[in-house]
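A.B. asks:
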Amino acid sequence: MAFEDQLREFMKSTLGDALIREDNFREQLSFYIKPEAIFDLCQTFVEDSSLDIRFLKDITSVDWYGHEDEMADGRFEVVYNFYSLKHKSRFFVKCRLPEDNPEIVSLTPLFNAANWLEREVWDLMGITFTGHPDLTKILTADDLEGHPLRRDFPLTWEQPKFSWNMDDPPEVIK
Amino acid sequence: MSLEEKTLHINMGPQHPSTHGVLRVELDVDGETVVRAKPIIGYLHTGIEKTMESKLYYKAIPCTDRMDYLAPMSNNLGFCLSVEKLMDIEVPEKVKWARVCLTELTRLNSHLVWIGTHALDMGAMSMLLYAFRERESIIDIYEACSGQRMMSTYFRIGGLAQDLPPDFDKKVRAILADIPSKLDDYETLLTNNEIWINRTKNVAVISADDAINWGLTGPMLRGSGVNHDLRKDNPYSGYENFDFDVPLGKNGDAYDRYLIRLEEMRQSLRIIRQCLDGMPEGPYRAHVPGVVLPPKDDVLHKMESMIFHFKIITEGFNAPKGAAYVGVESPKGEIGFYIQGDGTNKPVRVRVRPPSFVNLAVLPALTEGRLFSDVVCAIGSIDIVLGEVDR
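Heads up: the sequence lines are chains A and B, in that order. All letters in the first sequence, in the order written, are residues 1 to 174 by this note's numbering. All letters in the second sequence, in the order written, are residues 175 to 565 by this note's numbering.
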């Protein structure tokens, strides 16, 4: 059985109702699943050796702000990029999160790679990863407010930096 | 408190010469032993992903060079392949072969800079001068192709910016004749050098399972003996036509990564030779009206080409709704562009899967419990470019 079919069967049997739909745009397999199911799914990835999915290559996110049809499913999309070394094949797992309080469980207990990748997604897109050991800013400046990769963050907007006051220094410089 | 119990907090960087850019590492040291290492990045964050999302697909290509400025062609290739997948464009054979040839030259370029700077960090000063001398000839080829020496921006969606220069073959063959003996020289300087071996062997060790769990790619992963090279495993841009080997390490230490990078340069030369011998004739751009820019000659002489040129430059093309990702084996590891189109002429999301960023995250695991002087070796052997770590 080809890896794709094997993976489809596997996803159907492990996820059940949590599997929303499957997408095969340009022969690139992606699974849309419910965000609650992601941790258990990844745990079976790590434990099940027949598929050999131990490689988390990337975590990223998409903001659908301004796209009315997509916003109905939830504004944010978290995209996990998995790779199977044995079958030399890549697939994506995607979860949709609501606009207010986007939150998903962290994968750091399973993959060390998730640590910085999740910090980056939190920093730039503002998606909270619960259970992350050190969810702090990684790329943007310590005193920058907001999450720059959100579509409603203006492209060339700069925060005023002239508010520094000797008597009342900002939090980071104290 | 007695002196022995006290750990010392040291700040390394961001202006330290061996951090290869603006990387800061917070270190807690107990005598000579590192207790805790924490890399702090973001000093070079320029929001390249956000910038690319605000541009037409064509106009985002120059942004890709400015991330990993030591391997501009690999970044160009990653972006162009992703957009071509999104738009379902098939490029002509000649373009594929020329791209392979140039990205392999890029691998040479990047590894030469790496070997020079890494050896400099370890105290072998002369290596830097030799490596940069050889690099110069590769930079000259970039200049002949694109007019730029570092930020080449030579690839376009569906092809190349212009045809390969007439003396391309001759110039690259001169490199092929020249560099193998230079690589042998490097080997005599380093491979059996006792100081080099002492500084790099059994330093910054990572096991195969850990390397996979940390998501490492490129020489960092293959140094631990994991056979994963996207050129072999998921061939893109016609790599299946070429005959080459993927060198693997055994111990996963800095010395193995050095041997791998050296061998990769030799394999790159092999690929380049095959490219030159079999370079097909044909157009340098795909013919997809309205999406791929028409050749410059046609723009000057044909009305339709002129119109398409004007429309593509001003309005761009509308990409379908969907996400495309192609992983490319850059000198540092896997670089890939996750591009989400939405039916308009600008992407909703461009995500760069950064090899150096992911590889750098492993630094604490490589250095904690080891000697302070090994931190420099660990950073060097990861081969980071901060422009790409921070984007």
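By construction, the Cβ of each residue, glycine as well, lies at the ideal position given by its N, Cα and C atoms. Just so it is clear, the structure is predicted and the values come from calculations on it, not from any experiment.
(1) So, are the CB atoms of residue 564/B and residue 243/B less than 8 Å apart?
(2) Output, in chain order, the set of chain A residues within a Cβ distance shorter than 7 Å of residue 402/B.
(3) From the DSSP secondary-structure annotation, give me the bridge partner or partners of residue 30/A.
(4) Quick check on DSSP: helix, strand or coil for residue 70/A?
(5) Show which residues of chain B have a CB atom less than 9 Å away from the CB atom of residue 143/A.
(6) Just mark residue 471/B as buried or exposed, buried being the case when its beta carbon has 16 or more other beta carbons within 10 Å.
(7) Can you confirm whether residue 133/A, when its beta carbon is compared against all beta carbons of chain C, has any partner nearer than 8 Å?
(8) Could you check whether the Cβ of residue 50/A sits closer than 7 Å to any heavy atom belonging to the ligand NAD?
(9) Is the CB-CB distance between residue 434/B and residue 373/B below 8 Å?
(10) In the DSSP assignment, find the alpha helix (DSSP H) that holds residue 279/B and state where it starts and stops.
(11) Determine contact between the region 78-93 of chain A and the region 56-66 of chain A, defined as no fewer than three beta-carbon pairs at a distance below 8 Å.
(12) For the alpha helix (DSSP H) holding residue 255/B, just list the boundary residues, first then last.
(13) Can you name the residues of chain B whose CB is closer than 9 Å to the CB of residue 54/A?
(14) Is the CB of residue 78/A under 8 Å away from at least one CB in chain B?
(15) So within the region 489-520 of chain B, which uninterrupted beta strand (DSSP E) runs reach at least 3 residues, ignoring any that extend past its ends?
(16) From which residue to which residue does the alpha helix (DSSP H) around residue 442/B run?
(17) Does DSSP put residue 484/B in a helix, in a strand, or in coil?
(18) Does the region 188-201 of chain B come close enough to the region 217-233 of chain B to have 3 or more Cβ pairs within less than 8 Å?
(19) Use the C-beta contact count for residue 116/A: other C-beta atoms within 10 angstroms, 16 or more gives buried, fewer gives exposed.
(20) To the nearest angstrom, how far is the alpha carbon of residue 155/A from that of residue 458/B?
(21) Just checking my contact of residue 493/B with residue 260/B at CB under 8 Å: how many whole Å lie between their CB atoms?
(22) Buried or exposed, going by whether 16 or more other CB atoms sit within 10 Å of the CB of residue 50/A?
(23) Roughly how many angstroms lie between the CA atoms of residue 337/B and residue 182/B, to the nearest whole one?
(24) So residue 41/A contacts chain B; which residues on that side make the cut at Cβ distance below 8 Å?
(25) Any beta-carbon of chain B closer than 8 Å to the one on residue 3/A?
(26) Figure out for me which residue from 455/B, 481/B, 456/B and 454/B has the closest Cα to the Cα of residue 467/B.
(27) Taking C-beta to C-beta, are residue 256/B and residue 498/B nearer than 8 Å?
(28) What is the DSSP secondary structure of residue 546/B, counted as helix, strand or coil?
(29) To which residues of the same chain is residue 375/B closer than 7 Å at the C-beta, ignoring the five residues directly before and after it?
(30) Compare the C-beta of residue 138/A with all C-beta atoms of chain B and state if any pair is closer than 8 Å.
(31) Under a CB-based cut-off of 8 Å, is residue 264/B close to chain A?
(32) Can a CB atom of chain B be found closer than 8 Å to the CB of residue 15/A?
C.D. replies: Working from what's here:
(1) no
(2) 85
(3) 23/A and 92/A
(4) helix
(5) Simply none; closest approach about 12 Å.
(6) exposed
(7) Absent from the structure: chain C. Protein chains present are A and B.
(8) Absence of the ligand NAD is noted for the structure shown, with no ligands found whatsoever.
(9) no
(10) 267-295
(11) yes
(12) 246-261
(13) 383, 386 and 387
(14) no
(15) 496-504 and 507-515
(16) 428-452
(17) helix
(18) yes
(19) buried
(20) 35 Å
(21) 5 Å
(22) exposed
(23) 58 Å
(24) Within 8 Å Cβ-Cβ: nothing; residue 41/A doesn't reach chain B, min ~17 Å.
(25) no
(26) 481/B
(27) yes
(28) coil
(29) 427 and 429
(30) yes
(31) no
(32) no
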